[in-house]
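Participant:
Protein chains: 2
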Amino acid sequence: MGLDDRKLDVLRAIVEDYVATQEPVGSKALVERHQLGVSPATVRNDMAVLEEEGYIRQPHTSAGRVPTDRGYRLFVDRLSRVKPLTPAERRAIERFLVGAVDLDDVVHRTVRLLAQLTRQVAVVQYPSLARSSVRHLELVPISTTRLMLVMIADTGRVEQRLVELPAPASADDVIDLRRLVNERLGGKRLVDTPPLVQALVEEAPPALRSAMATLASVLLETLVERHEERIALAGTANLARGGLLDFQGSLRPILEALEEEVILLKLIGEVEPNTLQVRIGDENEIDNLRATSVVSTGYGPGATIVGGLGVLGPTRMDYPGTIATVRAVARYVGDVLAQN
Amino acid sequence: MGLDDRKLDVLRAIVEDYVATQEPVGSKALVERHQLGVSPATVRNDMAVLEEEGYIRQPHTSAGRVPTDRGYRLFVDRLSRVKPLTPAERRAIERFLVGAVDLDDVVHRTVRLLAQLTRQVAVVQYPSLARSSVRHLELVPISTTRLMLVMIADTGRVEQRLVELPAPASADDVIDLRRLVNERLGGKRLVDTPPLVQALVEEAPPALRSAMATLASVLLETLVERHEERIALAGTANLARGGLLDFQGSLRPILEALEEEVILLKLIGEVEPNTLQVRIGDENEIDNLRATSVVSTGYGPGATIVGGLGVLGPTRMDYPGTIATVRAVARYVGDVLAQN
DNA sequence: ACTGGCACTCGATACGGTCGAGTGCCAAGG
DNA sequence: CCTTGGCACTCGACCGTATCGAGTGCCAGT
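Structure, rendered in structure tokens:
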């Protein structure tokens, strides 16, 4: 299985050429475009070995070679150098948040920026509630029996929920409720709140007991348990580049997958600190996305991670460039968030 | 010019068959599938006239006929009967909001419902701020120099904006500000607020003057002037049905258009009361959407309109069915909103 | 171990012929 | 005058054949 250096060079050359031209690459073209220092025949022998090992394959006999998912994997792991960003990209990234204050704004700009730079589908997860702490809880009376619960997290996320009270509450009641929940929950991480909320209900003065109970259930159910994740998406039109050659002609399954938030979360939500994930073709768990690759990473202020972001494209993508861009954007978003 | 009844029947038959089969329809097939009571030759003569008048055309000589945009237009205006909803559709619509409390929830369910029922791309505009009144304005202190402005509209929309104060404000200051803005703006329509906001700044006590000024500018700029519209989209995967036959093979321009909020707004945002708009192919102002048709209408509680919704699909769509569905969903959403 | 040569494969392209759906036109008939 | 059957014509779809060329695998020679 020893793949000597030249064979690896050949694989690298194949990947690079195929990504660039989108056409199967043959031995002759290869030696012409790269200085391999050997003849086409030698390259052919190397190719035969690479094919036997499953790194490349022939679409048809008498066609050039195309990298397999396994080939891309090897390329990504061992053969690609980090491609430095172009000055233009660097500038675009640095400029993307000019005038962005709101978290919404930051996320939207980020996802568009990613889509534009990579020319692929970009996905950005809002800072996860699971990794957020409560900065403030606000109760806004809508009517005597309706409250708007507004939660502001330290990550900048703002969520509101309508609370339908079992009985009318006075203005003073609302003030008391607000004080109580903030005393108990302010500054606490959301994942730590369940027992605290439980205690809140039990310790509430009898007059507020039932109101507090409904409030608590809204808090727990919608903000903690099914910890609502939000996701922004952009660049789906990029799927339709490459004139139907990628994705064997049908965008349908991919577009379908992209409409499922659960799937998007799976793609970019499970991230380890300081890691960048590349899932190539078959490595994807979602069947509809077996023809695509996903490059994702986590982001957050400083070293902590509050959410994930990434891009999705054809397996035949410019991995070094994409990886560099995703990493740079993630780092930059983290810096932006740190400033708040 | 005079298109007698039979010619119209022929046109109707052509449209119906073409929509159903997606293949050019010939004279013989027509008389077989519909009881026209005449021979193919007669139908051919009628077809020749219809073609001369621009209602149908031949993809190639010796192929069947296909409706033109103009043909669809005539069909929609004069030839199609309203198709009653199937019981299943009726049930789906009535069930779509079970458990929906939040406006967000209602909008998301609506857009998914529409996409599912029509099997096309669905677009739903959130209730427009331009048509909303202020129910309540809340100011939540984040730090001494930062406030979160939360506006709750009568339509259920909730918007928040970060306000960066020029100088620290005490808790009492915030309370005063909150009281002042609510006194002045509570219940007012958003479009009527500019002069009121102006007055607010002028009448504010000196100590609050500068804080009120920044608050006012955030209010005016982000909520009134560039009256932020929000839009939900679903069903883009449906574009990829019809095996690339519609849209002459490239989804790209359409997907691109769908990523622009401005364009979506144009599509469904300009609605007259009690009207349902059908824009067919060329009638669309947006170049990228010249190959699509859009069926849209307004919705709102009772007779008022607070926003638009609609669907987008190939010109070759089931107009009667789509129109019926869009109308029914819009009416139902209106009812739901009226209950709040 | 590399290289040049060579026979071979097979997709892409072009060409020719057939088939059939569909048309337009016309003359005959109600 | 409208309708109809008949008929010649068009042209895309389909199929088989032939050619071309990019690319391969193998082998013998250095």
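Respectively, the protein sequence lines represent chains A and B.
Throughout the first sequence, residue numbering follows numbering that gives the first Met the number 0, covering 0 to 339 in sequence.
Throughout the second sequence, residue numbering follows numbering that gives the first Met the number 0, covering 0 to 339 in sequence.
We put the beta carbon where it would ideally sit given N, CA and C, even for glycine.
Since the structure is predicted, the reported quantities are computational estimates derived from the model, not experimental observations.
(1) What residues of chain B sit near residue 260 of chain A, judged by a beta carbon separation below 8 Å?
(2) With a Cβ-Cβ cutoff of 7 Å, do residue 176 of chain B and residue 160 of chain B count as a contact?
(3) For residue 45 of chain B versus residue 6 of chain B, is the C-beta distance shorter than 7 Å?
(4) Short of 8 Å Cβ to Cβ, which residues in the segment 126 to 148 of chain B face chain A?
(5) Buried or exposed: which applies to residue 62 of chain A, given that a residue is buried once 16 or more other Cβ atoms fall within 10 Å of its Cβ?
(6) Could you name the residues of chain A that residue 240 of chain B contacts, counting a contact when the two beta carbons are closer than 8 Å?
(7) Whose CA, out of B:218, B:240 and B:329, lies closest to the CA of residue 267 of chain B?
(8) Less than 7 Å between CB atoms is the rule here; does residue 159 of chain B satisfy it with respect to chain A?
(9) If you draw a straight line from the C-alpha of residue 187 of chain A to the C-alpha of residue 128 of chain A, how long is it?
(10) In three-state terms, what does DSSP make of residue 125 of chain A?
(11) Among residues of its own chain, excluding the 5 on either side of residue 336 of chain B, which ones have a beta-carbon nearer than 6 Å to its beta-carbon?
(12) Tell me whether the segment 161 to 175 of chain B and the segment 213 to 226 of chain B touch, counting them as touching only if at least three CB pairs, one residue from each stretch, are closer than 8 Å.
(13) Please report the distance separating the alpha-carbon of residue 318 of chain A from that of residue 12 of chain A.
(14) Does residue 0 of chain B have its Cβ less than 7 Å from a Cβ in chain A?
(15) If contact means a Cβ-Cβ distance below 7 Å, which residues of the segment 42 to 54 of chain A contact chain B?
(16) Which of the three DSSP states is assigned to residue 325 of chain A in this structure?
(17) If the cut is a Cβ gap below 8 Å, which residues of chain A does residue 254 of chain B touch?
(18) For chain B, check one thing: does any of its Cβ atoms lie closer than 7 Å to the Cβ of residue 105 of chain A?
(19) Between the segment 83 to 101 of chain B and chain A, which residues of the former have CB atoms less than 9 Å from a CB of the latter, in chain order?
(20) Among residues of its own chain, excluding the 5 on either side of residue 0 of chain B, which ones have a beta-carbon nearer than 8 Å to its beta-carbon?
(21) Can you list the beta strand (DSSP E) stretches of 3 or more residues lying completely in the segment 135 to 180 of chain B, in chain order?
(22) Counting only the same chain and skipping the five closest in sequence on each side, list residues whose C-beta sits under 7 Å from that of residue 73 of chain B.
(23) How is residue 55 of chain A classed by DSSP in three states: helix, strand or coil?
(24) Tell me which residue opens and which closes the alpha helix (DSSP H) that residue 97 of chain A is part of.
(25) In the DSSP assignment, find the unbroken beta strand (DSSP E) run with residue 278 of chain B in it and report its ends.
(26) With a cut-off of 7 Å, does the C-beta of residue 151 of chain A fall near any C-beta of chain B?
(27) DSSP three-state call for residue 231 of chain A: helix, strand or coil?
(28) Can you give the Cα-Cα distance for residue 270 of chain B and residue 182 of chain B, rounded to whole angstroms?
(29) Looking at C-beta atoms only, is the number of pairs between the segment 133 to 142 of chain A and the segment 132 to 139 of chain B that lie closer than 8 Å three or more?
(30) Please state whether the Cβ-Cβ distance between residue 120 of chain A and residue 311 of chain A is less than 7 Å.
(31) Nearest by alpha-carbon distance to residue 123 of chain B: which of B:130, B:117, B:113 and B:132 is it?
(32) Cα-Cα, which of B:295, B:276 and B:289 is closest to residue 76 of chain B?
(33) Helix, strand or coil for residue 313 of chain B per DSSP?
(34) Would you list the one or two residues that DSSP bridges to residue 108 of chain A?
(35) Report the option in B:210, B:332, B:230 and B:326 whose CA atom is closest to the CA atom of residue 340 of chain B.
(36) What did DSSP end up calling residue 303 of chain B once you bin it into helix, strand or coil?
Facilitator: Looking at the coordinates:
(1) Under the 8 Å cutoff, chain B gives no residues; its nearest Cβ is about 10 Å from residue 260 of chain A.
(2) no
(3) yes
(4) If the cut-off is 8 Å between Cβ atoms, the segment 126 to 148 of chain B has 134, 135, 137, 139, 140, 141 and 147 near chain A.
(5) The residue in question, residue 62 of chain A, is exposed, as its Cβ has fewer than 16 Cβ neighbours within 10 Å.
(6) 251
(7) B:329
(8) yes
(9) 12 Å
(10) Coil.
(11) 300
(12) yes
(13) The straight-line gap from Cα to Cα measures roughly 14 Å.
(14) Low per-residue confidence applies at residue 0 of chain B: pLDDT is 48, beneath 50, and the placement is therefore not dependable enough to give any value.
(15) Residues are counted here when their Cβ sits less than 7 Å from a Cβ of chain B; for the segment 42 to 54 of chain A the count is zero.
(16) helix
(17) 235, 236, 238 and 239
(18) no
(19) 100 and 101
(20) Per-residue confidence for residue 0 of chain B stands at a pLDDT of 48, beneath the threshold of 50, marking its modelled position as unreliable; no derived number is given.
(21) 145 to 152 and 157 to 163
(22) Hits under 7 Å: 10 and 54.
(23) strand
(24) Neither: residue 97 of chain A is in no alpha helix (DSSP H) and is coded neither H nor E.
(25) 275 to 279
(26) yes
(27) Judged by DSSP in its simplified three-state form, residue 231 of chain A adopts strand.
(28) 33 Å
(29) The segment 133 to 142 of chain A is in contact with the segment 132 to 139 of chain B.
(30) Yes. Within cutoff.
(31) Nearest to residue 123 of chain B by alpha-carbon distance, out of B:130, B:117, B:113 and B:132, is B:113.
(32) Proximity to residue 76 of chain B across B:295, B:276 and B:289 peaks at B:276, based on C-alpha coordinates.
(33) strand
(34) Bridge partners of residue 108 of chain A: none, in fact.
(35) The requested residue 340 of chain B is not part of the displayed model; chain B covers only 0 to 339.
(36) The three-state reading of DSSP puts residue 303 of chain B in coil, since its state is none of H, G, I, E or B.
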